[in-house]
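So for the sequence shown, the working numbering puts the first residue at 180; every next one is plus one.
Backbone N, C-alpha and C fix where the C-beta goes; we use that ideal spot for every residue, glycine too.
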Amino acid sequence: MQNANLNNLATSFAKKSLPGSEIELSGEIPAETIAPYRETALKHLSEHIEMPGFRPGKVPPHMIVNKIGEVAVLEEAVELFMRDFYVTLLETHKIDAVGRPDIRIMKLAPGNPVSIVVNTTVYPEVTLPKNWKSLGNEAALEPASLATDEEVEQTIESLRKSRAQKGKENEEPVLPELTDEFAKTIGKFETVEELKAQIKKGIGEEKERAAKDKRRGKIIEVLIEKMQIEVPKIFVDSELEKIIAQLKEDIARFNIPYDDYLKRVGKTEELLKEEFREQARKRALLQLALNKIAEEEKVEADKDMVESEIKHALEHFPDAKPDLLRIHVETVLRNEKVLQMLEGGEVKK
Numbered sequence: 180m181q182n183a184n185l186n187n188l189a190t191s192f193a194k195k196s197l198p199g200s201e202i203e204l205s206g207e208i209p210a211e212t213i214a215p216y217r218e219t220a221l222k223h224l225s226e227h228i229e230m231p232g233f234r235p236g237k238v239p240p241h242m243i244v245n246k247i248g249e250v251a252v253l254e255e256a257v258e259l260f261m262r263d264f265y266v267t268l269l270e271t272h273k274i275d276a277v278g279r280p281d282i283r284i285m286k287l288a289p290g291n292p293v294s295i296v297v298n299t300t301v302y303p304e305v306t307l308p309k310n311w312k313s314l315g316n317e318a319a320l321e322p323a324s325l326a327t328d329e330e331v332e333q334t335i336e337s338l339r340k341s342r343a344q345k346g347k348e349n350e351e352p353v354l355p356e357l358t359d360e361f362a363k364t365i366g367k368f369e370t371v372e373e374l375k376a377q378i379k380k381g382i383g384e385e386k387e388r389a390a391k392d393k394r395r396g397k398i399i400e401v402l403i404e405k406m407q408i409e410v411p412k413i414f415v416d417s418e419l420e421k422i423i424a425q426l427k428e429d430i431a432r433f434n435i436p437y438d439d440y441l442k443r444v445g446k447t448e449e450l451l452k453e454e455f456r457e458q459a460r461k462r463a464l465l466q467l468a469l470n471k472i473a474e475e476e477k478v479e480a481d482k483d484m485v486e487s488e489i490k491h492a493l494e495h496f497p498d499a500k501p502d503l504l505r506i507h508v509e510t511v512l513r514n515e516k517v518l519q520m521l522e523g524g525e526v527k528k
């Protein structure tokens, strides 16, 4: 069918906005428009229909019609036509679609127009809070407490226990004495005091990181609360799949089959998804906000860092798909830059 005719047909479809960033397109397709696709539909069906005495793809058309009916053949023809026509529909109605469409045949009869309804999700209109640049002021950085002598001693005690020698039966393990020689077995330390100083420094740095993470969490929470947008279901579902995939990965580390885990917790995967749905919604909402900020402020991931991270990832995951990996790395690095902006700190290059 010529492009001009497809464009005219697309123009005849009615466009309707629905809640949740969905668009509905509805209209009728003339029978003569579908007719040229019937032969291709029969060939396609012939490859998937099993009939005694015929190889796949060699079943005669009339036998296919006798077996499944003319309406089933028309359904296949409509599906093939819509693969071509869907793009024209989007272009004609200026729709920036996300994900796969839901195409429903509402009315179908040989020789009559086909009634079609297409539902598709569009990227939502994202409006940032007016004061988003000052969100960092709403979450002050709590000063991290210093490492205490007690915490250092507890760490030392754990190190001694990890290197304890087994005692005789019913006897307590024998802990090594806290000497300079012991310190040397832990790392590049010459004395116990050097070991303690390093432990104290490490605990302090960990507390600082925890304080910064806590502040970042508060900023994210405030940003999400101030965002006035209904997150499309397809975005939430995508985050849900990521959460479940991560859960499966975590469970696998303990050599526990996923089905066994579900039995232990007494839940189905669908129930788990419902429990995680709000978390998924917030994650999707945050990503929409970060994308919008990056767009407005022209924030991009550092190209050299992207290449370095991709190279590193492929060394550990050689089967990863390069295109998807690049998108993931660019998103993570760009998100980090935006979050640094929200925190009011210097953006690391």
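Annotation: the continuous alpha helix (DSSP H) that includes Thr364 extends over 359-365. According to DSSP, residue pairing for Arg283 in a beta bridge involves Val296. Apart from sequence neighbours up to five positions away, the residues of its chain that approach Gln377 with a beta-carbon distance below 8 angstroms are Gly366, Phe368, ordered along the chain. Under the 10 Å beta carbon count, Phe260 is surrounded by 16 or more other beta carbons and is classified as buried. Rounded to whole angstroms, the gap between the alpha carbons of Tyr302 and Leu503 is 19 angstroms.
Using a 10 angstroms sphere on the CB of Arg279, the tally of other CB atoms stays under 16, which defines it as exposed. The beta-carbon distance between Gly383 and Ala326, rounded to whole angstroms, is 5 angstroms. This is short enough to meet the 8 angstroms contact definition.
For Lys273, no beta strand (DSSP E) segment is defined, and its DSSP state is neither H nor E. If you check the CB distance, Val252 and Ile243 come in under 8 angstroms.
Distances from the alpha-carbon of Glu317 to those of Glu336, Gly396, Phe361 put Gly396 closest.
In this structure the stretch 414-430 lies against the stretch 452-471, because at least three pairs of beta carbons, one per stretch, are closer than 8 angstroms. Fewer than three beta-carbon pairs drawn from the stretch 228-242 and the stretch 267-279 are found closer than 8 angstroms, and the two stretches are therefore not classed as touching. If you check the CB distance, Val305 and Ala431 do not come in under 8 angstroms. Of Ile472, Gly206, His507, Glu475, the smallest CA-CA separation from Glu486 is found for His507. Within 10 angstroms of the beta-carbon of Thr219 lie fewer than 16 other beta-carbons, which makes it exposed.
Straight through space, the alpha carbons of Leu402 and Leu465 are spaced by roughly 8 angstroms.
For Ser417, the enclosing alpha helix (DSSP H) stretches over residues 412-431. The alpha-carbon of Thr510 is positioned some 36 angstroms away from that of Gly445. Counting other Cβ atoms within 10 Å of its Cβ, Thr300 reaches 16 or more and is therefore classed as buried. Annotation: Ala492 to Arg505 spans about 10 angstroms, alpha carbon to alpha carbon.
Counted as a single uninterrupted DSSP element, the beta strand (DSSP E) harbouring Ile208 occupies residues 201-208.
The Cβ-Cβ distance between Glu332 and Ala390 does not fall below 8 angstroms. Judged by beta-carbon spacing, Leu204 lies within the 8 angstroms limit of Val297, meaning their Cβ atoms are closer than that value.
Between Leu512 and Lys375, the alpha-carbon positions lie close to 35 angstroms from each other. Under DSSP, Leu221 takes part in no beta bridge, so it has no partner. The beta carbon of Ala473 is closer than 6 angstroms to those of Arg513, Val517 in its chain, skipping five residues each way along the sequence. The beta-bridge partner set that DSSP reports for Ser196 consists of Ile202.
Linking Ser225 to Leu197 through their CA atoms gives a straight-line distance of about 39 angstroms. DSSP places Gln407 outside both helix and strand once states are collapsed to three, so it counts as coil. Separation of Ser313 and Asp429 (C-alpha to C-alpha, rounded to the nearest whole angstrom) is 37 angstroms.
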